[in-house]
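At the far end of the sequence shown sits residue 1273, using my numbering, and the numbering has no gaps. From the three backbone atoms N, C-alpha and C, an ideal C-beta is built for every residue, glycine too. What follows is a short report on a single structure.
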Amino acid sequence: METHEEKPIIYTMENKPIVTCAGDQNLFTALFSSLTQQLPREPMEWRSDLIGCSEVLDAHHKRSYGRAPKMIYLEANFVQFKEDLLPKDGNKALLTFPFLHIYWTDCCDTEMYKTSVKEDMQRWQNVLRLHGSQDWLIVVVETDNKKKNKTNILPRTSIMDKIRNDFCNKQSDRCVALSDPLKESSRSQESWSSFLTKVRTLLLMSFTRNLGRFEDEMRTMREKRTEPGWSFCDYFMVQEELAFVFEMLQQFEDALVQYDELDALFTQYVLNFGAGAVLSVSDGANWLGSFCQPVRSWNGLLLRRPIDMEKRDLIQKGDASLLDLRSYLFSRQCTLLIFLQRPWEVTVRALELLHNCVQELRLLEVSVVCGALDCWVFLSCLEVLHRIEGCCDRSQLEANFSYTVGLWTYATEKLKSLGDLCGLVSENGPNSEDLNRTVDLLAGLGTERPETANSPQSPYKKLKEALSSVEAFEKHYLELSHAAMEMYRAIGRLRSARLVGKSLAEFYMRKGDPQSAEMFLQESLKSYVSENWSLPITHTRKQIAECQKQLQKMEEYLQTSALLASDANLSEDERKHFCQEILNFANQSPEGKDQRVALSLSSLAQHRELRFQPASALVHVGATLQLELRLCGLMPVPVRLEQLAASVHFAVEQPGQKRSGQNTDGTVTFPVTSPMSTSPALELCEIHEHSPTDNALNLAGVVCRNMHLLMRRNDSTTSLETPNVAPSAIAMEDGARMLKANDVTLSPGDNSIIFTAPSEKPGTYTLRQLCATVGRVQFVLPHIYPLVQYEVYSQEPQLTIQPLTENLLAGLPQQVKFTILTGHYTVKKGDALQLSNTDCMPVLNSTTCSARILSSSGELLGESVLSIQSSEKVTSISLPLTPPYHTLEFLVEVLCHIPSCPARMESGQLTNGQINHHSRSRTRFNFAMTTIDQKVSVDCPWSIYSTLLSLTFHVPFKVKHSLLSSGRRKFIQVCLQNVSDTNFRLRDQTLTEIHHTPSVKLQLLVPQTQNLVLSKQCVFSVWEVKWDGAPPAALNCQFSAGFAPADASDAAIRPYRYDFMLERVSTVYSVRAEIHPSAGEQHCRTGTLCRLEVSLTRLSEPDDTDRTDEEISEAEGLRTSRLMYEVIDNNSNWAVCGKSSGVVSMPVAAMATHKVQMEIMPLFAGHLPYPKIRVFKYLPHHTSPVIPADTDSCLENDSLSLLDKALEDQSDTASLRSRGSIHSLGSGEQQPRGLPMPKREAFGPGQVFVCTQGRQVLVLPGTDDHVLEVNVT
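This is how it looks when you write it as C-alpha cells:
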C-alpha cells in the first residue's frame, strides 16, 4: 500500500480503517486493486452526533454538542479475516479496530452452497456475533465464466434469496450482488458503483456507532477523575486514540480539538493545585506526583516528528515529566495546525506554552536546575521558528513578523539570562564556577537528535556554541537582538524595538562599551518621555548618566544629573549625589577659556507664579514696578545662585492692550509641567465586575481612561524636544534692560524673589528668558510662557469735572469735583485754571476750598488751600505745586439758574400750555427731569488751547396748569411736581399776570405760607379768576415760589418761576341733560326705553375772536352757528336707540337754547351715571350747499345737512367717536374721492360747561328678570 510522500506522517496517516475480508480469498485478491483505488474517489457526507468533552475547554476552544456534516474521502486497509483482529474486552485501541467485515463468494451451485459455503458463513457469523460486531456485509459475485463451466446452476437470485433467508432475515441490505465487476459493461459499472456506495455507507455507519460508543466510555472515564486511582496518563492515551482516528480520517480540526481538551483539562488541574483547591497530590490527584519529579532533561520541543514516540511511551508508562507532557502535547498540536495550514497559530500557541510552562513548574514546585528552563525555552523558541521556516517561504515570513517576533524576543531574553548565569557577559569572562554550571546545563541537553544532526543552524548547535565562549555568545546574542529589533521596526512596534535596544544597552554596559549603550538608551528614553513613564525614565536616565560620565561628556552628564537631582522617584541620597556633581563642577576653576555650561532651568526649579506690584502692570515713566517671582526649588539641598536674571525685550507700542496671560489681581500663573514629560497625566480608575445572579465580585482591576492619549504614537512625527537634551547656550548680555537679583539662595520648595523693573522709556516690556547662574553653570529657561509683559506710559495732563451726586440740581448750589492728572507736566508756582463765567451758571466763591494731592497709586500726599478769584468774565483758580504723574483734586461750588419759561412743551399740554383731559392715561405724572447742559471753557497752564467741559443739570420740578370751570366761574389750577430724589419745602406760592389788567383779579382759594414737597410727590394750588365787565380774551400768567431743601435754612431759599398763557377763558355754551322714565313710571327700569332731553344754551354773544373761530351763517336776517353733538357711553351702561349724534343750528344770541330728544335704554340697575355728551364746532366746507335750518322748531330737524345723511347710514349709533381736535366725517368708501367733507373742531377747555357731568339717575330692575344685575358706581 502507498504512503503519502509530501506529508511527514510516519504513524497515523499510514493507517487506514481496517476492513476484513472472509470467504473466497482468490476472488477478493482479483478485486483488491480496483476496490482500493475507486473507494476514495467520491466523498461521502458524514453526519456524526458525537459529543465532545467540552466542559473543560475555555471559551476559545469549546466544542458544541454534535458535529456539523462533513464531506470525507474514505480509504480502507483490506486484510484477511482473522479472529485475532477482533477487539478483546478492555482493548480501547481504535487504530487496530476492524470497522467492517466483508464475506466474498461467487457460489452459483446449490449443492456447493449447502455443503461448504453456508457452513463457512455460519462460522464467520458466529465469530462476529461472539465479539459483538454488527458491521458486516456479504457480497455475491456473479461471473459469466462460471455460468459457462456449470450447466446445472441456479439463478443468482436463488442463491441470494437463500443467503438472505439464512443470514439476513432482518437486514436484507447486508447482502449485495456484484455482477461481473471486471467487465466494462454498463451493467457491471452500475453494479460496481452501487457496491462502492454500500461499502462507504456501512463504513460511515460503523464509524458513527463505534466512535460514539468510544466517546461514551471516554466521557465516563473522564467523569471519574475525582476518584482515587484515576490517572491522567491513562485518560490521555484513550482520548488520543480518538484524535488518531480523526487524523486517520483527515479530520484534523476534530483531532486538534481532542488535544485542546486534554490541554485544558491538565491546565485546570495545575491551576487548582496552585490556587489551593487541591491541597496536595494525594487529595484526589495522585497522578500529579509523576509530573512533580525534578526536571532532568531540557532538550526543548521536538517538532520535526509527527509523533515523538519516546515521550509518548513515557506518558503511557506514567514516567513523563511536566516538560515531556507539554512538549509532546504541543508537538501534536503543531502537526495538526500545519496540516490545517495555520502555521502562524503555532507561534502564538508556542509563546503561550513557554510562558505557561514556567508558571506551572512554579505552581507544582518542581525542582529545576538553575538555567535549565532558560535552555529549554531558548531551544523551543528556535525549534518553533525553524519548523515555521520549513513550511513557509521568505515572503510569507516577512509578511507575518508580528507572529514570530515574540519568539525571537523571548529567545533573546533567555540567551541573555544564560549569559549572565554562565559569566559570559562580564568584562572578565567566566570563572570556574561559571564553567561548571555551563557543563551541567549542556549535559541536560543530552545528545543531538537525529533530525537536526546534519543541520548546521540547529538550535542545539547554536546554544552549545553560544555557551562555549564569550565571543560566540556575543555573536549569537547580538544576532538575535538585532533580528528582533528589525522585526519590531518592520511591523511598526517601535516601543518594543526600543525595549529590546534597552536590554542591548545593558549588555553593552556590562561589556564596558558605554558609547554603544548610550545610543540605545537615548532611543528608549525618547519613548518613555513622550508617554510619561516616570519610573522607566528615572532608571534609564541613571544608566545614561553612567555612560556619559564614562565617556567624559560633561555637558550632557550635567544635564542628566540635574534631571536626576530633581527626580522624586530617587532616594534622597541619590538626589544629593547628583546635585553635588553639578555643584562640584560649577565651583571648579575654568581651564583656559571661560566656557560656561548651559542647562535647563526646568530641572533646577519650576516657575509657578509672577505677581506685579501694582497689579495693573501699568506704570508711568520713572515709576517703581516690582515683580515677585515664585519658584519651586527641585534640588534636594539649598543652592546658592550668584545671579538670577531675566532678559527684557523693549518695544515702542501703544500701552493699554490686553495681556492674555495676566489675571485681574496682577498675577501670571505658569502651567505646572513635569521635568520628565509634557504628556498628559495618567488617569486611572477602578473597575468592579459583579455576578448578575448573586452580585458577587468576580473581577476587580484598574483601567486607564486616557489610554488613547498616552499610548498614541509620536515616533512617526517630528521628534519632540525632551528635557534630557541640553539647550544651546544662550548669551545673557549685561545691559540696562535686565531684571537682576544677586546672591539668591534657592531652597527646596517655595521661594520668592523680588525684581525691580526698569521704566525709563514709554512702551511695552516683555520678559523673554530666565537665567540662574551657579559658577560655571547657567540654568536657562529659553522661553517664558505664557507671555509676561508690563507697560510704561507717558501721559498728557488731563482735566475732568465730575458731580459729587448722581444728578446736579438746577437752582441750588452744587459742588463739582475738579480732577487734574498732571501726567508729565509739573504744576509750578503761579499756575491757575481760568474758567469763563456765564450768566446761567456762576461759580460761587468759597473761603474753605482746599485741594488734595495724591500719588499715582492713590496715596494722599497732602492738602493745600485754593485761592479762587472771580471777575466779570473769568474765574481764576490758583493751583498748588504738584509733581508729575500725580493727581490734584478740589471741589468748586456752582449754581445753575432755572429759566423762567419751560424749555419745551410737554406732550400732555395743548398749544396754550393747558393739560389735555381727553385721555385718562395723560393724568399720570412723568417723573423724568428736564436737563440743562452748561458748557464751561477752561484755560489750562499746560496747553495753549481752551478745554471745553460740559455739566448737565436737572430741573427738580415740573409744573402743569389747567383751567377749571363752574358755570361762568373760572379757576386756574397749578400742579408742582417734585421729580428729584430730594425733599423740598415751598414758600410764597403766587400767581400773577405778567401784564397786569386792572379788571382781572386772581384770588388764591387756600392760602398757604409753606408746603413740604416730598420726592416724587405733587402740590396743587387753585386760584379763582375774577373780572369786571367783559371776560378777558387771554391771560398771560406767571407762577412763582421759593424752594429749598427740607433740611436747609431760610437763607438757602431760591426762587422758581413758571410762565404760561390761557386763551378763550369764558364759557360759551352750557349743556344740560335730563332723563325721564317712560309714561306711567316713577323711575327708570332696565330694558325699558327712557327719554333723554339735551338742552344746548349759548351764554354770550360772540366777540371778535369767536367770530373768527366759528362758522357763522346768515339766512333771512338770522345769524346761526352750526354745532355737532354726540352722546356716547364708554361704560356700556346705556343703549342709545336711534341716532346718537347730529348737527344743530344755534342762533348767535345770548341765552339762545336748542333742545334735542332721543330714546335710551338702561342696561343695568342701580345709580347709573349719565351718558357723556360732547359738543363740537361744525365747520362745513365752503363748497357745500347750505341747507336752511328750521329755527322755529325746538327740536332737531331730521334732515339738517349732508352729515346727517351720512350718519343715518351708520349701523351703530355709537360708531362715531372722537379722534382728536379735528376729524373728518364719513370715509372714502361712502363719498366720492373728490367730494369736499365737513369737519368738526373741539371747543377750547372751559368754553363748554356740562351741567350734568357727574350726575346719576336711579334705575330699578325690570319686573320679569330672573337674574338681577346691579351696577354700582
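Is the distance from the Cβ of F273 to the Cβ of L288 below 9 Å?
By 1-based counting over the sequence shown, the position of residue 273 is 273. By 1-based counting over the sequence shown, the position of residue 288 is 288. L288 sits close to F273, with the two beta carbons spaced by under 9 Å.
Do N807 and M929 count as a contact pair if the criterion is CB distance below 9 Å?
Here residue 929 refers to the residue found at position 929 when the sequence shown is read from its first residue. Here residue 807 refers to the residue found at position 807 when the sequence shown is read from its first residue. Cβ distance < 9 Å, so M929 and N807 count as in contact.
The region 418 to 435 touching the region 454 to 470, judged by at least three CB pairs closer than 8 Å:
Yes, the region 418 to 435 touches the region 454 to 470.
Using the beta-carbon count (16 or more within 10 Å), is C579 buried or exposed?
Within the sequence shown, numbered from 1, the residue matching residue 579 stands at position 579. Looking at its Cβ environment, which holds 16 or more other Cβ atoms inside 10 Å, C579 is buried.
At least 3 beta-carbon pairs within less than 8 Å: the region 310 to 322 vs the region 455 to 464:
Cβ pair count under 8 Å is below three, so no.
State the Cα-Cα distance for the pair V777 and L599, rounded to the nearest angstrom.
The residue labelled residue 777 in the question sits at position 777 within the sequence shown. The residue labelled residue 599 in the question sits at position 599 within the sequence shown. Using only the alpha carbons, I get a separation of about 7 Å.
Check the DSSP bridge columns for L1179 and list the partner residues they point to.
Counting from one through the sequence shown, the residue named residue 1179 turns up at place 1179. Its beta-bridge partners are K1239.
Separation of R213 from F99, as counted between CA atoms
In the sequence shown, residue 99 corresponds to position 99, counting from 1. In the sequence shown, residue 213 corresponds to position 213, counting from 1. C-alpha of F99 to C-alpha of R213: approximately 13 Å in a straight line.
Ignore the nearest five residues each way along the sequence and tell me which others in F28's own chain have a CB closer than 7 Å to its CB.
As a first step, residue 28 must be located in the sequence shown, where it is residue number 28. For F28, where only same-chain residues beyond five positions count, the Cβ hits under 7 Å are C21 and W104.
By Cβ distance, which residues of its chain are closer than 6 Å to P17, with the 5 residues on each side in sequence left out?
Against the sequence shown, residue 17 aligns to sequence position 17. Hits under 6 Å: A76 and F99.
Classify E1063 as buried or exposed, calling it buried when 16 or more other Cβ atoms lie within 10 Å of its own Cβ.
Mapped onto the sequence shown, residue 1063 falls at position 1063. Of the residues assessed, E1063 falls on the buried side of the cut-off, its CB having 16 or more other CB atoms within 10 angstroms.
Assigned secondary structure, W1023 (DSSP; H/G/I helix, E/B strand, else coil)
Numbered from its first residue, the sequence shown carries residue 1023 at position 1023. Looking at W1023 - three-state DSSP - the assignment turns out to be strand.
Integer Cβ distance of I1112 from C1090, believed to fall under 8 Å:
To locate residue 1112, count along the sequence shown from 1; it is residue 1112. To locate residue 1090, count along the sequence shown from 1; it is residue 1090. So it is not a contact: roughly 35 Å between Cβ atoms.
List the endpoints of the continuous beta strand (DSSP E) containing K16.
Here residue 16 refers to the residue found at position 16 when the sequence shown is read from its first residue. Here K16 belongs to no beta strand (DSSP E), and DSSP marks it neither H nor E.
Measure the C-alpha to C-alpha separation of Q396 and M487 and round it to an integer number of angstroms.
For the purposes of this step, residue 396 is identified with residue 396 of the sequence shown, where counting begins at 1. For the purposes of this step, residue 487 is identified with residue 487 of the sequence shown, where counting begins at 1. Cα to Cα, the separation comes out at about 13 Å.
Out of curiosity, what's the CA-to-CA distance linking L963 and K970?
Position 963 of the sequence shown, counted from the first residue, corresponds to residue 963. Position 970 of the sequence shown, counted from the first residue, corresponds to residue 970. Whole-angstrom Cα-Cα distance: 7 Å.
Check whether L354 and S380 have beta carbons under 9 Å apart
Indexing the sequence shown from 1 puts residue 354 at position 354. Indexing the sequence shown from 1 puts residue 380 at position 380. In contact: L354 and S380 (Cβ atoms closer than 9 Å).
Checking 9 Å against the spacing of the C-beta atoms, do P884 and G823 come in under that value?
Here the question's residue 884 lines up with position 884 in the sequence shown. Here the question's residue 823 lines up with position 823 in the sequence shown. At the C-beta level, P884 and G823 come within 9 Å of one another.
Does the region 753 to 772 come close enough to the region 564 to 582 that 3 or more CB-CB pairs lie under 8 Å?
Per the Cβ contact rule, the region 564 to 582 is not in contact with the region 753 to 772 (fewer than 3 Cβ pairs under 8 Å).
Check whether the region 1054 to 1069 touches the region 1024 to 1039, counting contact only when three or more Cβ pairs, one atom from each stretch, lie closer than 8 Å.
Yes, the region 1054 to 1069 is in contact with the region 1024 to 1039.
If we count the other Cβ atoms within 10 Å of its Cβ and call it buried at 16 or more, is N210 buried or exposed?
Residue numbering aside, residue 210 sits at position 210 when the sequence shown is read from its first letter. N210 comes out buried.
Taking 8 Å as the cut-off, does the region 383 to 391 touch the region 476 to 484 (at least 3 CB pairs, one atom from each stretch)?
No: the two stretches stay apart, fewer than three of their Cβ pairs being nearer than 8 Å.
When you compare the region 931 to 946 with the region 973 to 988, are there three or more beta-carbon pairs, one atom per stretch, that lie closer than 8 Å?
Contact between the region 931 to 946 and the region 973 to 988 is absent, because fewer than three Cβ pairs lie under 8 Å.
For F339, which residues of its own chain have a beta-carbon under 7 Å away from its beta-carbon, when the five flanking residues on both sides are left out?
Here residue 339 refers to the residue found at position 339 when the sequence shown is read from its first residue. Its chain contains F252 as the residues whose beta carbon lies nearer than 7 Å to that of F339, once the 5 sequence neighbours on both sides are disregarded; these appear in chain order.
Measure the CB-CB distance between L302 and L364 and report whether it falls below 9 Å.
Translated into positions along the sequence shown, residue 302 becomes position 302. Translated into positions along the sequence shown, residue 364 becomes position 364. It is not a contact, given that the beta carbons lie outside the stated cut-off.
Taking the runs of the beta strand (DSSP E) that are 3 residues or longer, which of them lie wholly in the region 296 to 368?
Assignment of beta strand (DSSP E) within the region 296 to 368, counting only whole runs of 3 or more residues, yields no such run.
Identify whether I868 lies in helix, strand or coil by the three-state DSSP scheme.
Walking along the sequence shown from the start, residue 868 turns up at place 868. DSSP, reduced to helix, strand and coil, places I868 within a strand of the structure shown.
For H620, which of helix, strand or coil comes out of DSSP?
Here residue 620 is taken as the residue at index 620 of the sequence shown, counted from 1. Residue state, collapsed to three classes: strand.
Where the beta strand (DSSP E) through F1043 begins and ends:
For the purposes of this step, residue 1043 is taken as the residue at position 1043 of the sequence shown. That run of the beta strand (DSSP E) goes A1034 to P1045.
Which value, in whole angstroms, describes the spacing of the CA atoms of V439 and S327?
Within the sequence shown, numbered from 1, the residue matching residue 439 stands at position 439. Within the sequence shown, numbered from 1, the residue matching residue 327 stands at position 327. V439 and S327: Cα-Cα distance of roughly 24 Å.
Buried versus exposed call for H101 [16 or more other C-beta atoms within 10 Å across all chains shown]:
Walking along the sequence shown from the start, residue 101 turns up at place 101. By the Cβ neighbour-count rule, H101 is buried, with 16 or more other Cβ atoms within 10 Å of its own.
Among the residues of its own chain, which have a CB less than 8 Å from the CB of F890, if the five just before and after it don't count?
Position 890 of the sequence shown holds residue 890. Around F890: K817, F818, C849, S850, A851, R852, L866 and I877.
For M71, which residues from the same chain have a beta carbon less than 8 Å from its beta carbon, with the 5 sequence-adjacent residues on both sides left out?
Against the sequence shown, residue 71 aligns to sequence position 71. Beyond the five residues adjoining it in sequence on each side, M71 comes within less than 8 Å, by CB distance, of P43, M44, E45 and W46 in the same chain, given in chain order.
Quick check on this structure: which residue in R1255, T1153, H1154 and V1071 has the alpha carbon closest to the alpha carbon of R1174?
For this step, residue 1174 is matched to residue 1174 along the sequence shown. Taking R1174 as reference, the option from R1255, T1153, H1154 and V1071 with the minimal CA-CA separation is V1071.
Can you tell me whether F1020 is buried or exposed? The criterion is at least 16 other CB atoms within 10 Å of its CB, across all chains shown.
Taking the first residue of the sequence shown as position 1, residue 1020 is located at position 1020. Label assigned to F1020: exposed.
Excluding the 5 residues flanking F32 on each side, which residues of the same chain have their C-beta closer than 8 Å to its C-beta?
Looking up residue 32 in the sequence shown gives position 32. Only F78 meet the Cβ criterion.
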